[in-house]
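Structure, as C-alpha coordinates:
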Amino acid sequence: MVKLLIADDEQIVLDSIKFIIEKNNVQAEIVGTAKSGREAIEKADLLKPDLIFMDIRMPGIDGIEAIRQIKERHKEMIFVIITAYEYFNYAKEAINLGVMDYLLKPLNKNKIIEVIEKASKVIEERRKAVLKEIELREKINKIMPYLEEQFLYTVLFGGYVGGSLDFYEEIFDMKLEKGYIMIFLMRSDTSNEREKSIEVNLKRQSLYEHLRIFLKGMSKCILGPFFMDKICVYFPVEEKTPFEVKNSSVKIANKVLESLQGSEKENLRVGIGREYSFNNIVKSYYEAEMALKLFPDDTIVHFDDAVGTSTISHFPYPLDKEKLFIERLVEGDLARAFKVFDEIYEWMILEYDKDAGKIKSKLIELVGIIRRSFYYYLEEGSFKEEIAQIEELLKIEDLRELKLVFIKMLKDIVENIRVVNKKKWDNITMKVINFLEENFSKDISLEDAAREVNMSYHYFSKFFKEQVGENFVDYLTNLRIRKAKELLKNSSLSVKEVSYKVGYSDPNYFSKIFKKVTGVTPTEFKEGV
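Residue numbers (my numbering): 791 to 1319.
Below you can see the structure in the form of C-alpha coordinates.
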(Lines of atoms letter the chains of each structure in order from A and count residues from 1; the text may use other names and numbers.)
(Lines give C-alpha, C1' and ligand atoms only; values in the text may rest on other atoms or scores of the structure.)
Protein backbone atom coordinates (compact mmCIF):
# COMPACT_ATOMS: atom_id res chain seq x y z
CA MET A 1 0.00 0.00 0.00
CA VAL A 2 1.46 3.35 -1.12
CA LYS A 3 1.34 6.16 1.46
CA LEU A 4 0.18 9.28 -0.42
CA LEU A 5 0.31 12.96 0.55
CA ILE A 6 -1.68 15.37 -1.68
CA ALA A 7 -0.68 19.05 -1.79
CA ASP A 8 -3.10 21.34 -3.66
CA ASP A 9 -4.84 24.58 -2.64
CA GLU A 10 -8.09 23.58 -4.40
CA GLN A 11 -10.42 21.46 -2.27
CA ILE A 12 -12.12 20.08 -5.36
CA VAL A 13 -8.80 18.58 -6.52
CA LEU A 14 -8.22 16.96 -3.12
CA ASP A 15 -11.75 15.53 -3.11
CA SER A 16 -11.47 14.30 -6.71
CA ILE A 17 -8.25 12.36 -6.10
CA LYS A 18 -9.66 10.87 -2.89
CA PHE A 19 -12.86 9.82 -4.72
CA ILE A 20 -10.93 8.20 -7.62
CA ILE A 21 -8.70 6.22 -5.25
CA GLU A 22 -11.60 4.95 -3.11
CA LYS A 23 -13.94 4.26 -6.04
CA ASN A 24 -11.36 2.25 -8.00
CA ASN A 25 -9.78 0.34 -5.09
CA VAL A 26 -6.38 1.83 -5.89
CA GLN A 27 -3.64 0.45 -3.61
CA ALA A 28 -2.90 3.79 -1.97
CA GLU A 29 -3.58 5.31 1.45
CA ILE A 30 -4.02 9.08 1.64
CA VAL A 31 -2.07 9.84 4.83
CA GLY A 32 -2.62 13.61 4.60
CA THR A 33 -3.41 16.67 2.54
CA ALA A 34 -1.86 20.14 2.37
CA LYS A 35 -3.04 23.44 0.87
CA SER A 36 0.28 25.28 0.80
CA GLY A 37 3.94 24.57 0.11
CA ARG A 38 4.89 25.16 3.75
CA GLU A 39 2.20 22.78 5.00
CA ALA A 40 3.39 20.16 2.47
CA ILE A 41 6.96 20.43 3.83
CA GLU A 42 5.78 20.06 7.44
CA LYS A 43 3.52 17.09 6.67
CA ALA A 44 6.23 15.37 4.62
CA ASP A 45 8.48 15.53 7.71
CA LEU A 46 5.69 14.34 10.00
CA LEU A 47 3.91 11.67 7.92
CA LYS A 48 6.82 10.27 5.85
CA PRO A 49 4.74 9.48 2.73
CA ASP A 50 6.07 7.30 -0.10
CA LEU A 51 4.46 9.46 -2.79
CA ILE A 52 3.53 13.17 -2.94
CA PHE A 53 1.16 14.75 -5.45
CA MET A 54 2.37 18.38 -5.53
CA ASP A 55 0.54 21.28 -7.18
CA ILE A 56 2.91 23.69 -8.92
CA ARG A 57 1.01 26.91 -8.05
CA MET A 58 0.18 27.29 -4.36
CA PRO A 59 0.18 30.33 -2.03
CA GLY A 60 3.44 31.16 -0.25
CA ILE A 61 6.11 28.59 -1.01
CA ASP A 62 5.28 27.20 -4.44
CA GLY A 63 5.36 23.51 -5.39
CA ILE A 64 8.80 23.65 -7.01
CA GLU A 65 10.45 25.11 -3.90
CA ALA A 66 8.52 22.71 -1.65
CA ILE A 67 9.81 19.74 -3.68
CA ARG A 68 13.36 21.11 -3.47
CA GLN A 69 13.24 21.47 0.33
CA ILE A 70 11.58 18.08 0.90
CA LYS A 71 14.11 16.38 -1.41
CA GLU A 72 16.98 17.74 0.68
CA ARG A 73 15.67 15.87 3.73
CA HIS A 74 13.88 12.92 2.12
CA LYS A 75 15.67 11.85 -1.04
CA GLU A 76 13.65 8.64 -1.25
CA MET A 77 10.23 10.33 -1.61
CA ILE A 78 8.58 10.16 -5.04
CA PHE A 79 6.92 13.25 -6.55
CA VAL A 80 4.19 13.69 -9.14
CA ILE A 81 3.42 17.31 -10.04
CA ILE A 82 -0.10 18.64 -10.62
CA THR A 83 -0.30 21.50 -13.10
CA ALA A 84 -2.68 23.36 -15.35
CA TYR A 85 -1.77 23.30 -19.04
CA GLU A 86 -0.79 27.00 -19.09
CA TYR A 87 1.88 26.34 -16.44
CA PHE A 88 3.29 23.25 -18.14
CA ASN A 89 6.49 24.94 -19.39
CA TYR A 90 7.06 26.28 -15.88
CA ALA A 91 6.57 22.76 -14.56
CA LYS A 92 9.49 21.49 -16.66
CA GLU A 93 11.78 22.88 -13.96
CA ALA A 94 10.48 20.11 -11.72
CA ILE A 95 11.97 17.53 -14.08
CA ASN A 96 15.43 18.62 -12.94
CA LEU A 97 14.38 17.82 -9.38
CA GLY A 98 13.69 14.22 -10.31
CA VAL A 99 9.88 14.16 -10.28
CA MET A 100 8.51 10.85 -11.52
CA ASP A 101 5.54 12.08 -13.56
CA TYR A 102 2.92 14.84 -13.92
CA LEU A 103 -0.88 15.22 -13.83
CA LEU A 104 -2.59 17.84 -15.99
CA LYS A 105 -5.72 19.64 -14.82
CA PRO A 106 -8.50 18.78 -15.24
CA LEU A 107 -7.42 15.48 -13.71
CA ASN A 108 -7.82 12.24 -15.62
CA LYS A 109 -8.92 9.18 -13.65
CA ASN A 110 -6.83 6.70 -15.65
CA LYS A 111 -3.72 8.87 -15.41
CA ILE A 112 -4.04 9.09 -11.61
CA ILE A 113 -4.35 5.30 -11.34
CA GLU A 114 -1.44 4.85 -13.76
CA VAL A 115 1.01 7.08 -11.83
CA ILE A 116 0.10 5.48 -8.49
CA GLU A 117 0.72 2.00 -9.94
CA LYS A 118 3.98 3.26 -11.45
CA ALA A 119 5.07 4.67 -8.07
CA SER A 120 4.02 1.43 -6.37
CA LYS A 121 6.35 -0.56 -8.63
CA VAL A 122 9.25 1.81 -7.94
CA ILE A 123 8.64 1.60 -4.18
CA GLU A 124 8.41 -2.21 -4.29
CA GLU A 125 11.65 -2.45 -6.28
CA ARG A 126 13.35 -0.18 -3.74
CA ARG A 127 12.08 -2.27 -0.84
CA LYS A 128 13.33 -5.45 -2.49
CA ALA A 129 16.71 -3.82 -3.12
CA VAL A 130 16.93 -2.72 0.53
CA LEU A 131 16.01 -6.23 1.74
CA LYS A 132 18.55 -7.75 -0.61
CA GLU A 133 21.21 -5.35 0.65
CA ILE A 134 20.33 -6.16 4.27
CA GLU A 135 20.54 -9.91 3.56
CA LEU A 136 23.87 -9.44 1.80
CA ARG A 137 25.20 -7.32 4.66
CA GLU A 138 24.11 -9.98 7.17
CA LYS A 139 25.92 -12.67 5.18
CA ILE A 140 29.04 -10.50 4.93
CA ASN A 141 28.93 -9.76 8.67
CA LYS A 142 28.85 -13.49 9.40
CA ILE A 143 32.00 -14.15 7.40
CA MET A 144 33.67 -10.81 8.19
CA PRO A 145 35.89 -12.20 11.00
CA TYR A 146 37.22 -14.84 8.61
CA LEU A 147 37.76 -12.28 5.82
CA GLU A 148 39.64 -9.99 8.20
CA GLU A 149 41.82 -12.82 9.53
CA GLN A 150 42.79 -14.05 6.07
CA PHE A 151 43.36 -10.54 4.72
CA LEU A 152 45.59 -9.32 7.56
CA TYR A 153 47.53 -12.57 7.82
CA THR A 154 48.23 -12.50 4.09
CA VAL A 155 49.26 -8.83 4.17
CA LEU A 156 51.65 -9.31 7.09
CA PHE A 157 53.28 -12.52 5.98
CA GLY A 158 54.00 -11.87 2.35
CA GLY A 159 51.19 -13.57 0.44
CA TYR A 160 49.57 -12.00 -2.61
CA VAL A 161 46.46 -9.92 -1.94
CA GLY A 162 44.41 -9.52 -5.12
CA GLY A 163 42.25 -6.50 -5.82
CA SER A 164 42.78 -2.78 -5.34
CA LEU A 165 43.02 -0.99 -2.00
CA ASP A 166 39.68 0.70 -2.77
CA PHE A 167 38.07 -2.74 -3.02
CA TYR A 168 39.17 -3.72 0.50
CA GLU A 169 38.36 -0.29 1.90
CA GLU A 170 34.80 -0.79 0.71
CA ILE A 171 34.59 -4.31 2.17
CA PHE A 172 36.00 -3.34 5.57
CA ASP A 173 34.43 0.14 5.56
CA MET A 174 37.63 1.96 6.51
CA LYS A 175 40.59 3.78 5.01
CA LEU A 176 43.66 1.55 4.66
CA GLU A 177 46.25 3.98 3.27
CA LYS A 178 48.06 4.32 6.59
CA GLY A 179 47.92 2.53 9.93
CA TYR A 180 49.77 0.61 12.63
CA ILE A 181 49.86 -2.87 14.13
CA MET A 182 49.10 -3.79 17.72
CA ILE A 183 50.03 -7.29 18.93
CA PHE A 184 48.24 -8.90 21.87
CA LEU A 185 50.46 -11.63 23.33
CA MET A 186 48.89 -14.19 25.66
CA ARG A 187 51.13 -15.84 28.24
CA SER A 188 50.17 -19.31 29.49
CA ASP A 189 49.79 -19.77 33.26
CA THR A 190 49.53 -23.56 33.40
CA SER A 191 52.35 -26.09 33.34
CA ASN A 192 50.43 -29.33 32.69
CA GLU A 193 50.58 -29.95 28.92
CA ARG A 194 47.13 -31.56 28.63
CA GLU A 195 45.52 -28.90 30.78
CA LYS A 196 47.43 -26.30 28.84
CA SER A 197 46.08 -27.53 25.51
CA ILE A 198 42.43 -27.49 26.62
CA GLU A 199 42.53 -24.46 28.90
CA VAL A 200 44.58 -22.28 26.59
CA ASN A 201 42.27 -22.95 23.64
CA LEU A 202 39.24 -21.96 25.73
CA LYS A 203 41.00 -18.84 26.97
CA ARG A 204 42.13 -17.96 23.47
CA GLN A 205 38.58 -18.17 22.15
CA SER A 206 37.21 -16.15 25.04
CA LEU A 207 39.90 -13.48 24.70
CA TYR A 208 39.53 -13.26 20.93
CA GLU A 209 35.75 -12.75 21.15
CA HIS A 210 36.18 -10.15 23.89
CA LEU A 211 38.84 -8.25 21.93
CA ARG A 212 36.77 -8.29 18.75
CA ILE A 213 33.69 -6.84 20.45
CA PHE A 214 35.61 -4.38 22.62
CA LEU A 215 37.98 -3.06 19.94
CA LYS A 216 35.27 -2.75 17.28
CA GLY A 217 33.27 -0.71 19.79
CA MET A 218 36.20 1.68 20.26
CA SER A 219 37.70 2.07 16.81
CA LYS A 220 37.71 0.83 13.25
CA CYS A 221 40.19 -2.03 13.02
CA ILE A 222 40.98 -5.40 11.41
CA LEU A 223 41.68 -8.42 13.61
CA GLY A 224 44.01 -11.18 12.46
CA PRO A 225 43.74 -14.80 13.67
CA PHE A 226 44.96 -16.10 17.05
CA PHE A 227 48.29 -17.56 15.96
CA MET A 228 51.11 -18.79 18.21
CA ASP A 229 49.62 -17.00 21.26
CA LYS A 230 49.33 -13.72 19.33
CA ILE A 231 46.50 -11.64 17.90
CA CYS A 232 47.56 -8.95 15.42
CA VAL A 233 45.27 -5.96 14.97
CA TYR A 234 45.49 -3.32 12.26
CA PHE A 235 44.32 0.20 13.17
CA PRO A 236 43.85 2.72 10.34
CA VAL A 237 45.18 6.24 10.88
CA GLU A 238 43.74 9.42 9.40
CA GLU A 239 45.09 12.97 9.69
CA LYS A 240 46.97 12.58 12.96
CA THR A 241 50.53 13.40 13.98
CA PRO A 242 52.79 10.46 14.98
CA PHE A 243 52.64 11.71 18.58
CA GLU A 244 48.82 11.69 18.56
CA VAL A 245 48.77 8.23 16.98
CA LYS A 246 51.13 6.89 19.63
CA ASN A 247 49.09 8.33 22.51
CA SER A 248 45.86 7.05 20.99
CA SER A 249 47.27 3.54 20.52
CA VAL A 250 48.54 3.35 24.11
CA LYS A 251 45.14 4.54 25.39
CA ILE A 252 43.43 1.78 23.40
CA ALA A 253 45.80 -0.82 24.87
CA ASN A 254 45.18 0.49 28.40
CA LYS A 255 41.41 0.40 27.94
CA VAL A 256 41.60 -3.19 26.69
CA LEU A 257 43.52 -4.24 29.81
CA GLU A 258 41.08 -2.34 32.03
CA SER A 259 38.22 -4.29 30.46
CA LEU A 260 39.79 -7.61 31.49
CA GLN A 261 39.95 -9.31 34.86
CA GLY A 262 41.98 -11.95 36.67
CA SER A 263 44.41 -14.14 34.76
CA GLU A 264 43.26 -12.80 31.39
CA LYS A 265 44.51 -9.36 32.38
CA GLU A 266 47.64 -10.63 34.13
CA ASN A 267 48.73 -12.79 31.22
CA LEU A 268 48.16 -10.35 28.37
CA ARG A 269 50.91 -8.14 26.96
CA VAL A 270 50.60 -5.54 24.22
CA GLY A 271 53.24 -4.49 21.68
CA ILE A 272 52.63 -1.50 19.39
CA GLY A 273 54.40 -0.57 16.14
CA ARG A 274 54.62 2.83 14.52
CA GLU A 275 52.34 4.01 11.71
CA TYR A 276 53.26 3.16 8.12
CA SER A 277 51.71 3.25 4.67
CA PHE A 278 49.71 0.13 3.90
CA ASN A 279 52.41 -1.23 1.58
CA ASN A 280 54.90 -1.10 4.45
CA ILE A 281 52.62 -2.19 7.29
CA VAL A 282 54.71 -5.32 7.87
CA LYS A 283 57.35 -2.98 9.37
CA SER A 284 54.87 -1.98 12.06
CA TYR A 285 54.28 -5.67 12.81
CA TYR A 286 57.98 -6.35 13.30
CA GLU A 287 58.30 -3.24 15.47
CA ALA A 288 55.44 -4.42 17.69
CA GLU A 289 57.13 -7.84 17.98
CA MET A 290 60.46 -6.23 18.79
CA ALA A 291 58.90 -3.99 21.45
CA LEU A 292 57.57 -7.07 23.25
CA LYS A 293 60.94 -8.79 22.99
CA LEU A 294 63.00 -5.85 24.25
CA PHE A 295 60.81 -5.35 27.33
CA PRO A 296 59.56 -8.82 28.35
CA ASP A 297 58.38 -7.59 31.77
CA ASP A 298 56.31 -4.63 30.57
CA THR A 299 52.59 -5.00 29.93
CA ILE A 300 52.26 -2.32 27.23
CA VAL A 301 55.24 -1.33 25.06
CA HIS A 302 55.33 1.05 22.11
CA PHE A 303 58.26 0.61 19.73
CA ASP A 304 59.24 4.28 20.09
CA ASP A 305 59.70 3.79 23.84
CA ALA A 306 61.54 0.50 23.34
CA VAL A 307 64.17 1.78 20.93
CA GLY A 308 64.48 5.03 22.82
CA THR A 309 65.81 3.33 25.96
CA SER A 310 67.22 0.00 24.80
CA THR A 311 70.88 -0.70 24.09
CA ILE A 312 70.13 -4.17 22.69
CA SER A 313 71.17 -4.56 19.08
CA HIS A 314 68.46 -5.61 16.65
CA PHE A 315 68.82 -7.29 13.29
CA PRO A 316 65.70 -6.58 11.21
CA TYR A 317 63.95 -9.58 9.72
CA PRO A 318 65.39 -10.30 6.24
CA LEU A 319 62.14 -9.79 4.37
CA ASP A 320 64.01 -9.48 1.07
CA LYS A 321 65.55 -12.91 1.67
CA GLU A 322 62.14 -14.35 2.46
CA LYS A 323 60.72 -13.06 -0.83
CA LEU A 324 63.73 -14.42 -2.73
CA PHE A 325 63.29 -17.77 -0.96
CA ILE A 326 59.63 -17.96 -2.07
CA GLU A 327 60.58 -17.00 -5.64
CA ARG A 328 63.14 -19.81 -5.80
CA LEU A 329 60.55 -22.30 -4.53
CA VAL A 330 58.02 -21.12 -7.12
CA GLU A 331 60.66 -21.64 -9.81
CA GLY A 332 61.29 -25.14 -8.45
CA ASP A 333 64.97 -24.30 -7.85
CA LEU A 334 65.37 -26.14 -4.53
CA ALA A 335 69.16 -25.86 -4.36
CA ARG A 336 69.12 -22.06 -4.55
CA ALA A 337 66.01 -21.87 -2.36
CA PHE A 338 67.68 -23.82 0.45
CA LYS A 339 70.78 -21.66 0.13
CA VAL A 340 68.64 -18.57 0.82
CA PHE A 341 66.85 -20.40 3.63
CA ASP A 342 70.23 -21.03 5.30
CA GLU A 343 70.61 -17.26 5.68
CA ILE A 344 67.08 -16.88 7.07
CA TYR A 345 67.68 -19.70 9.56
CA GLU A 346 70.95 -18.12 10.69
CA TRP A 347 69.02 -14.91 11.37
CA MET A 348 66.51 -16.85 13.49
CA ILE A 349 69.27 -18.44 15.57
CA LEU A 350 70.94 -15.08 16.19
CA GLU A 351 67.73 -13.12 16.71
CA TYR A 352 66.11 -15.61 19.08
CA ASP A 353 69.34 -16.54 20.86
CA LYS A 354 68.91 -20.23 19.92
CA ASP A 355 65.46 -20.34 21.56
CA ALA A 356 63.87 -23.38 19.86
CA GLY A 357 60.32 -22.30 20.78
CA LYS A 358 60.64 -18.91 19.09
CA ILE A 359 62.38 -20.40 16.07
CA LYS A 360 59.58 -22.96 15.69
CA SER A 361 57.04 -20.15 15.84
CA LYS A 362 58.85 -18.32 13.03
CA LEU A 363 59.16 -21.48 10.94
CA ILE A 364 55.43 -22.14 11.22
CA GLU A 365 54.74 -18.57 10.11
CA LEU A 366 56.96 -19.29 7.12
CA VAL A 367 54.93 -22.42 6.32
CA GLY A 368 51.80 -20.25 6.23
CA ILE A 369 53.46 -17.83 3.81
CA ILE A 370 54.58 -20.69 1.57
CA ARG A 371 51.10 -22.20 1.54
CA ARG A 372 49.53 -18.92 0.47
CA SER A 373 52.16 -18.46 -2.25
CA PHE A 374 51.34 -21.94 -3.61
CA TYR A 375 47.61 -21.85 -2.84
CA TYR A 376 46.48 -22.63 -6.37
CA TYR A 377 48.97 -25.47 -6.79
CA LEU A 378 48.31 -27.49 -3.63
CA GLU A 379 45.76 -30.26 -3.39
CA GLU A 380 43.04 -29.86 -0.79
CA GLY A 381 44.15 -32.84 1.29
CA SER A 382 47.81 -31.83 1.41
CA PHE A 383 47.25 -29.51 4.37
CA LYS A 384 46.46 -32.51 6.61
CA GLU A 385 49.92 -33.89 5.88
CA GLU A 386 51.47 -30.54 6.74
CA ILE A 387 49.55 -30.39 10.03
CA ALA A 388 51.10 -33.73 10.98
CA GLN A 389 54.55 -32.41 10.00
CA ILE A 390 53.99 -29.23 12.01
CA GLU A 391 53.05 -31.33 15.04
CA GLU A 392 56.30 -33.26 14.56
CA LEU A 393 58.17 -29.96 14.24
CA LEU A 394 56.75 -28.70 17.55
CA LYS A 395 58.18 -31.72 19.40
CA ILE A 396 61.77 -31.07 18.29
CA GLU A 397 64.20 -29.07 20.44
CA ASP A 398 67.47 -29.72 18.60
CA LEU A 399 68.12 -26.81 16.21
CA ARG A 400 69.90 -28.92 13.58
CA GLU A 401 67.11 -31.51 13.52
CA LEU A 402 64.56 -28.68 13.41
CA LYS A 403 66.12 -27.35 10.23
CA LEU A 404 66.26 -30.80 8.60
CA VAL A 405 62.59 -31.52 9.35
CA PHE A 406 61.58 -28.12 7.96
CA ILE A 407 63.57 -28.72 4.76
CA LYS A 408 61.83 -32.10 4.40
CA MET A 409 58.50 -30.29 4.69
CA LEU A 410 59.56 -27.95 1.90
CA LYS A 411 60.58 -30.85 -0.33
CA ASP A 412 57.21 -32.52 0.27
CA ILE A 413 55.36 -29.30 -0.62
CA VAL A 414 57.37 -28.85 -3.84
CA GLU A 415 56.83 -32.52 -4.77
CA ASN A 416 53.10 -32.11 -4.14
CA ILE A 417 53.11 -29.13 -6.48
CA ARG A 418 55.00 -31.14 -9.12
CA VAL A 419 52.45 -33.97 -8.94
CA VAL A 420 49.50 -31.56 -9.11
CA ASN A 421 51.04 -29.74 -12.06
CA LYS A 422 51.70 -33.02 -13.88
CA LYS A 423 48.05 -34.05 -13.44
CA LYS A 424 46.96 -30.62 -14.57
CA TRP A 425 49.21 -30.64 -17.65
CA ASP A 426 48.29 -34.25 -18.49
CA ASN A 427 44.60 -33.31 -18.42
CA ILE A 428 45.20 -30.28 -20.64
CA THR A 429 47.32 -32.34 -23.05
CA MET A 430 44.58 -34.97 -23.36
CA LYS A 431 42.01 -32.24 -23.96
CA VAL A 432 44.13 -30.83 -26.82
CA ILE A 433 44.72 -34.27 -28.36
CA ASN A 434 41.00 -35.08 -28.20
CA PHE A 435 40.25 -31.72 -29.78
CA LEU A 436 42.62 -32.51 -32.67
CA GLU A 437 41.22 -36.05 -33.08
CA GLU A 438 37.72 -34.62 -33.40
CA ASN A 439 38.60 -31.65 -35.62
CA PHE A 440 41.59 -32.68 -37.77
CA SER A 441 39.35 -32.67 -40.87
CA LYS A 442 38.60 -28.97 -40.36
CA ASP A 443 40.73 -25.92 -41.09
CA ILE A 444 42.14 -25.61 -37.55
CA SER A 445 45.18 -23.67 -36.39
CA LEU A 446 47.44 -23.44 -33.37
CA GLU A 447 45.36 -20.45 -32.21
CA ASP A 448 42.19 -22.58 -32.27
CA ALA A 449 43.79 -25.25 -30.10
CA ALA A 450 45.21 -22.64 -27.69
CA ARG A 451 41.77 -21.07 -27.36
CA GLU A 452 40.28 -24.49 -26.56
CA VAL A 453 42.41 -24.75 -23.38
CA ASN A 454 42.40 -21.02 -22.59
CA MET A 455 46.12 -20.42 -23.18
CA SER A 456 47.97 -17.68 -25.01
CA TYR A 457 49.26 -18.48 -28.50
CA HIS A 458 52.94 -18.22 -27.52
CA TYR A 459 52.68 -20.14 -24.25
CA PHE A 460 50.61 -22.92 -25.84
CA SER A 461 53.19 -23.43 -28.59
CA LYS A 462 55.92 -23.99 -26.01
CA PHE A 463 53.65 -26.08 -23.76
CA PHE A 464 52.59 -28.40 -26.61
CA LYS A 465 56.17 -29.07 -27.69
CA GLU A 466 57.23 -29.87 -24.09
CA GLN A 467 54.27 -32.17 -23.40
CA VAL A 468 53.94 -34.02 -26.73
CA GLY A 469 57.52 -34.01 -27.97
CA GLU A 470 56.87 -32.36 -31.34
CA ASN A 471 55.55 -29.02 -32.45
CA PHE A 472 51.87 -28.43 -33.14
CA VAL A 473 52.11 -28.29 -36.95
CA ASP A 474 54.11 -31.54 -37.17
CA TYR A 475 51.73 -33.33 -34.81
CA LEU A 476 48.64 -32.22 -36.77
CA THR A 477 50.29 -33.14 -40.08
CA ASN A 478 51.25 -36.62 -38.86
CA LEU A 479 47.75 -37.12 -37.45
CA ARG A 480 46.15 -36.20 -40.77
CA ILE A 481 48.50 -38.44 -42.76
CA ARG A 482 47.84 -41.33 -40.36
CA LYS A 483 44.09 -40.88 -40.85
CA ALA A 484 44.62 -40.60 -44.62
CA LYS A 485 46.52 -43.90 -44.69
CA GLU A 486 43.65 -45.61 -42.87
CA LEU A 487 41.13 -44.26 -45.40
CA LEU A 488 43.29 -45.13 -48.42
CA LYS A 489 43.78 -48.64 -47.10
CA ASN A 490 40.27 -49.42 -45.94
CA SER A 491 37.92 -47.53 -48.28
CA SER A 492 37.12 -46.99 -51.92
CA LEU A 493 37.50 -43.24 -51.62
CA SER A 494 39.59 -41.43 -54.22
CA VAL A 495 42.75 -39.53 -53.30
CA LYS A 496 40.84 -36.28 -53.79
CA GLU A 497 38.04 -37.39 -51.45
CA VAL A 498 40.54 -38.54 -48.81
CA SER A 499 42.31 -35.20 -49.10
CA TYR A 500 39.12 -33.35 -48.20
CA LYS A 501 38.27 -35.74 -45.36
CA VAL A 502 41.59 -35.20 -43.56
CA GLY A 503 41.56 -31.41 -43.73
CA TYR A 504 43.32 -30.56 -47.02
CA SER A 505 41.33 -28.47 -49.50
CA ASP A 506 44.07 -28.79 -52.17
CA PRO A 507 44.63 -32.44 -53.29
CA ASN A 508 47.97 -31.54 -54.91
CA TYR A 509 49.28 -30.06 -51.67
CA PHE A 510 47.96 -33.13 -49.82
CA SER A 511 49.87 -35.43 -52.17
CA LYS A 512 53.04 -33.41 -51.67
CA ILE A 513 52.77 -33.59 -47.85
CA PHE A 514 51.83 -37.28 -47.97
CA LYS A 515 54.94 -38.16 -49.98
CA LYS A 516 57.14 -36.03 -47.71
CA VAL A 517 55.93 -37.95 -44.64
CA THR A 518 55.62 -41.49 -46.08
CA GLY A 519 58.07 -41.50 -48.99
CA VAL A 520 55.36 -42.44 -51.51
CA THR A 521 52.43 -40.65 -53.14
CA PRO A 522 48.85 -41.37 -51.99
CA THR A 523 48.18 -43.19 -55.29
CA GLU A 524 51.30 -45.35 -54.90
CA PHE A 525 50.34 -46.11 -51.30
CA LYS A 526 46.80 -47.11 -52.33
CA GLU A 527 48.00 -49.28 -55.22
CA GLY A 528 50.77 -50.81 -53.16
CA VAL A 529 48.20 -52.00 -50.65
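The beta-carbon is built from N, C-alpha and C at its ideal position, and this holds for glycine as well.
- For residue 1023, the uninterrupted beta strand (DSSP E) segment begins and ends at 1020–1026.
- Counting only runs that start and end inside the region 1048–1084, the beta strand (DSSP E) elements of at least 3 residues fall at 1058–1062.
- Under the three-pair Cβ rule at 8 Å, the region 1216–1224 does not count as touching the region 1138–1155.
- Along the region 1224–1257, the alpha helix (DSSP H) occurs as fully enclosed runs of 4 or more residues at 1236–1242, listed in sequence order.
- In this chain, residue 1294 is not harboured by any alpha helix (DSSP H), its DSSP state being neither H nor E.
- Apart from the 5 residues on each side of it in sequence, residue 1188 has no Cβ closer than 7 Å to any other Cβ in its chain.
- When the alpha-carbon of residue 1094 is set against those of 1107, 1086, 1077 and 813, the nearest one is in 1077.
- Shown here, residue 1089 sits in coil according to DSSP, grouped into three states, outside any helix or strand.
- By the C-beta criterion, the region 860–868 is judged not to be in contact with the region 814–822, since fewer than 3 inter-stretch pairs fall below 8 Å.
- Residue environment analysis places residue 823 among the buried positions, since at least 16 neighbouring C-beta atoms fall within 10 angstroms of its C-beta.
- By the Cβ-count criterion, residue 1112 is buried, with 16 or more other Cβ atoms from all chains shown falling within 10 Å of its own Cβ.
- Residue state for residue 1123 is assigned as coil, using DSSP reduced to three classes.
- Bridge pairing for residue 1313: absent [DSSP].
- Here residue 1259 carries a coil assignment [DSSP, helix/strand/coil].
- For residue 826, same chain residues with a beta-carbon under 6 Å away, outside a window of 5 residues either side, are 848, 849 and 850 in chain order.
- Under the 10 Å beta carbon count, residue 1033 is surrounded by fewer than 16 other beta carbons and is classified as exposed.
- Residue 791 sits in coil when the DSSP states are folded into three classes, being neither helix nor strand.
- Out of 1009, 1019 and 954, the CA that lies nearest to the CA of residue 998 is found in 1019.
- Looking at the DSSP output, residue 869 bridges to 842.
- The three-state secondary structure of residue 821, taken from DSSP, is strand.
- Annotated three-state conformation of residue 934 is helix, per DSSP.
- By alpha-carbon distance to residue 793, the top candidate from 906, 1009, 971 and 1044 is 906.
- In the displayed model, residue 964 falls within coil according to three-state DSSP, outside both helix and strand.
- The beta carbon of residue 966 sits closer than 7 Å to those of 955, 958, 959, 1026 and 1068, all from its chain and outside the five residues before and after it, given in chain order.
- Look at residue 1032 here: in three-state DSSP terms it is helix.
- At a Cβ-Cβ threshold of 7 Å, residue 1062 and residue 1092 count as neighbours.
- With fewer than 16 other CB atoms across the displayed protein chains lying within 10 angstroms of its CB, residue 890 is exposed.
- Around residue 1081, the same chain offers 1061, 1091, 1093 and 1096 as residues with beta carbons nearer than 6 Å, after the five sequence neighbours per side are excluded.
- Under the three-state reduction of DSSP, residue 975 is assigned to strand.
- Within the same chain, and ignoring the five residues on either side of residue 806 in sequence, the residues whose Cβ sits closer than 8 Å to its Cβ are 897.
- The continuous alpha helix (DSSP H) containing residue 805 extends over residues 801–813.
- Residue 1134 sits in a helix when the DSSP states are folded into three classes.
- One thing to note: residue 1305 has its Cβ no nearer than 7 Å to the Cβ of residue 1278.
- The beta carbons of residue 1038 and residue 971 sit no closer together than 7 Å.
- Short of 6 Å from the beta carbon of residue 1131, and not among the five residues preceding or following it, lie these beta carbons of its own chain, in chain order: 1115.
- Note that the C-beta distance between residue 1301 and residue 1308 is not below 7 Å.
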